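A.B. asks:
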Amino acid sequence: MSDLVFIAFDSEQKAEEVRDRILGMQREYLIDIGDAVIAVRDDKGRIKLNQLMNTTAAGAASGALWGALIGLLFMMPLAGAAVGAAGGALGGAVTDIGINDEDMKRQANEALKPGMAGLFLLIRKMTTDKVLEDLKGVGGTVIRTSFDHALEDKLRASLDAPAPAAPAPTETPSA
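Read in order, the letters of the sequence shown are residues 32 to 206 in our numbering.
1) Taking the DSSP output, what are the residues bridged to P72?
2) Locate the alpha helix (DSSP H) running through D179, then write down its first and last residues.
3) Between which two residues does the alpha helix (DSSP H) carrying I53 extend?
4) Given this structure, state the Cα-to-Cα distance separating D191 from D184, to the nearest angstrom.
5) Could you pull the start and end residues of the beta strand (DSSP E) that G36 belongs to?
6) At which residues does the beta strand (DSSP E) containing K156 begin and terminate?
7) Taking 8 Å as the threshold, find out whether the stretch 71 to 86 comes into contact with the stretch 163 to 171 through three or more Cβ pairs.
8) From A181 to T172, what does the alpha carbon distance come to, in whole angstroms?
9) At what residues does the alpha helix (DSSP H) containing N131 begin and finish?
10) Do A148 and F37 have their C-beta atoms closer together than 8 Å?
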């Protein structure tokens, strides 16, 4: 079962920084993310979603490839690629992978002030103690989670904790 987490940040840059950190933890197999989306509320109050994968572009590329291959059969590869790209882009635009876009926009609209950003995470599984240690001191406000109360409290405490101090540089003896 997956868990949904929504954390608000003061800026899009901070949300991007935390998402990059979490994706780094995924490369280390500490966390398995199903989706990681940044929602940004602009000065006019509109919500923009910054998805990891652009399904419209992926659909267009896939459609163009298949359209060109089918077009080769009918000696019209360019027309086939154009029709395939259009169809793939349309299919990609209506495809919603991961967290429901409308739900994210609704939650972001309720929680974020203009200029703020929120990070939505769909977490499949994680090594809780190591992930929370890596997130210590990054800031942000937990808006909503599907964690149990104990784990949600640990996440809040980890985000609010002071960042770990960088190790002091060691002096090398001079010759």
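Using N, Cα and C, we set each Cβ at its ideal position, and we do this for glycine too.
Here the structure is a predicted model, which means the values were calculated and not measured.
C.D. replies: So, from the data block:
1) The displayed chain sequence assigns Arg, not Pro, to residue 72. In DSSP, R72 forms a bridge with I78.
2) Note, D179: premise wrong, no alpha helix (DSSP H); not H, not E.
3) 43 to 58
4) 11 Å
5) Note that residue 36 corresponds to Val in the displayed sequence, not to Gly. Residues 34 to 40.
6) 148 to 157
7) no
8) 16 Å
9) Neither: N131 is in no alpha helix (DSSP H) and is coded neither H nor E.
10) no
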